[in-house]
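Worksheet: the structure to be examined is printed underneath.
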Amino acid sequence: MGIATGSAAAQSCVPRDFLQEPLPTNPVLPLWKEAISLAYPNLTIQHGEEILIVHRGQTIVAESPTARPANVMIAAPTVGDQFSIPYPLSRNLDLRLAPFHDPGRARNARFLDLLYGASPGEVEPDLQMVNAGSVRFRVTRRHSVSCQLFSALADLNLGDDAIAPLFSEVGGGYNWRRITGTDRLSPHSYGIAFDVNASLGGYWRWTGATEGAVGAYQNNIPWQMVEALERRGFIWGGKWHHFDGMHFEYRPDLILYSRLIEGDGK
Ligand SMILES: [Zn+2]
1 MGIATGSAAA
11 QSCVPRDFLQ
21 EPLPTNPVLP
31 LWKEAISLAY
41 PNLTIQHGEE
51 ILIVHRGQTI
61 VAESPTARPA
71 NVMIAAPTVG
81 DQFSIPYPLS
91 RNLDLRLAPF
101 HDPGRARNAR
111 FLDLLYGASP
121 GEVEPDLQMV
131 NAGSVRFRVT
141 RRHSVSCQLF
151 SALADLNLGD
161 DAIAPLFSEV
171 GGGYNWRRIT
181 GTDRLSPHSY
191 GIAFDVNASL
201 GGYWRWTGAT
211 EGAVGAYQNN
221 IPWQMVEALE
231 RRGFIWGGKW
241 HHFDGMHFEY
251 RPDLILYSRL
261 IEGDGK
């Protein structure tokens, strides 16, 4: 197992455990800003009249949550809106039955552009192939995404009968494209997402459901796998109302935010 290109990254890869690492006992408010700061230590956050995020010579304004309804907000969320539906760190799939309960599906494009690049020409130089046996996913090395994925796959027993079929045919990692049925960029465009076996994962559009009226989700993804990925900073689309059960996406700020609001500081 290793990272094919830039293998030095694999050897020096010290993964973070986002479910266990200690949190500040007196976190800075607002907690969504603290979560961003903890998740992406390479960012500079300036706190004045407004919150500014500086990275690689560029600056964006991180606007606060807007409290718009989720079905409106998802079209153009602010940086703060990304945290408006906390991502549940539990095995409870009942929360997703509420219409538009899609924790992590709201993404601020300028924030992700800043973190990972705003065009294929900016994203692609930082892509790395992460190999685990016959499994290969191309993801970005920025903000340690390839390191964290490499570590998650190393934590899993890919030969296990419950796990192996998910990787026997995979949907893939980096792919510069729009989300089906929308004009919004897919997180696959930034090299932060990967899909396992589509036929086992399930996708809400394939059920014939209309938006905001998606029913039950038949989960085929073992919880041990979901939790191994959450530990390394990847959220799972199976927890969304608009479920995308094959889909995992690097959003460690959401995982840390959920712990911060639960008062999980140690
Ligand atoms: Zn996906």
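Once you know that position 179 of the sequence shown is 179 in full-length UniProt numbering, the rest is easy, because the numbers rise by one and skip nothing.
No residue lacks a Cβ here, since even glycine has one placed at the ideal position from N, Cα and C.
Check: Short of 6 Å in beta carbon distance, which residues of its chain neighbour arginine 251, apart from the five on each side in sequence? Order them along the chain.; Outcome: Gly104 and Ile235
Check: Quick one, which of Thr44, Gly80, Arg68 and Gly48 has its alpha-carbon nearest glutamine 58's?; Outcome: Thr44
Check: Can you check which of these residues, Trp223, Ser189 and Val130, is closest to glutamate 122 by C-alpha distance?; Outcome: Ser189
Check: Which residues does DSSP list as the beta-bridge partners of arginine 51?; Outcome: The displayed chain sequence assigns isoleucine, not arginine, to residue 51. The partner list for isoleucine 51 (beta bridge, DSSP) reads His47.
Check: Which residues bound the alpha helix (DSSP H) around leucine 95?; Outcome: Here leucine 95 belongs to no alpha helix (DSSP H), and DSSP marks it neither H nor E.
Check: Taking the alpha-carbon positions, what's the leucine 52 to leucine 115 distance?; Outcome: 14 Å
Check: Can you give the Cα-Cα distance for lysine 33 and histidine 143, rounded to whole angstroms?; Outcome: 17 Å
Check: Using the C-alpha atoms, what's the distance from serine 37 back to leucine 97?; Outcome: 31 Å
Check: For glycine 202, count neighbouring Cβ atoms within 10 angstroms of its own Cβ and tell me buried if that reaches 16, exposed if not.; Outcome: buried
Check: On the DSSP bridge assignment, give the partners of glutamate 21 in chain order.; Outcome: For glutamate 21, which the question treats as bridged, DSSP gives no partner whatsoever.
Check: Taking the DSSP output, what are the residues bridged to tryptophan 32?; Outcome: In the DSSP output, where bridge partners are listed per residue, tryptophan 32 has none listed.
Check: Can the beta-carbon of leucine 256 be found less than 8 Å from the beta-carbon of alanine 39?; Outcome: yes
Check: Please list the terminal residues of the continuous alpha helix (DSSP H) segment that includes tryptophan 223.; Outcome: 223-231
Check: Please list the segments of the beta strand (DSSP E) lying wholly inside the segment 106-153, counting only runs of 3 or more residues, in order along the chain.; Outcome: 127-132 and 135-140
Check: Among Gly212, Asn42, Asp244 and Leu254, which one has its Cα closest to the Cα of arginine 56?; Outcome: Asn42
Check: My assumption, with CB atoms under 8 Å, is that phenylalanine 137 sits in contact with valine 145. Please give the rounded CB distance.; Outcome: Not a contact, Cβ separation roughly 10 Å.
Check: DSSP has aspartate 253 in a bridge; who is on the other side?; Outcome: In DSSP, aspartate 253 forms no bridge with anything.
Check: Pull up the distance between the alpha-carbon of valine 14 and that of valine 214, whole angstroms please.; Outcome: 39 Å
Check: Give me the Cα-Cα distance between glutamate 249 and glutamate 49, rounded to the nearest whole angstrom.; Outcome: 32 Å
Check: Assign aspartate 253 to one of two classes, buried (16 or more other C-beta atoms within 10 Å of its C-beta) or exposed (fewer than that).; Outcome: buried
Check: Return yes when the Cβ of valine 170 is within less than 8 Å of the Cβ of valine 135, no when it is not.; Outcome: yes
Check: Taking the beta strand (DSSP E) that alanine 193 falls in, what are its first and last residues?; Outcome: 193-195
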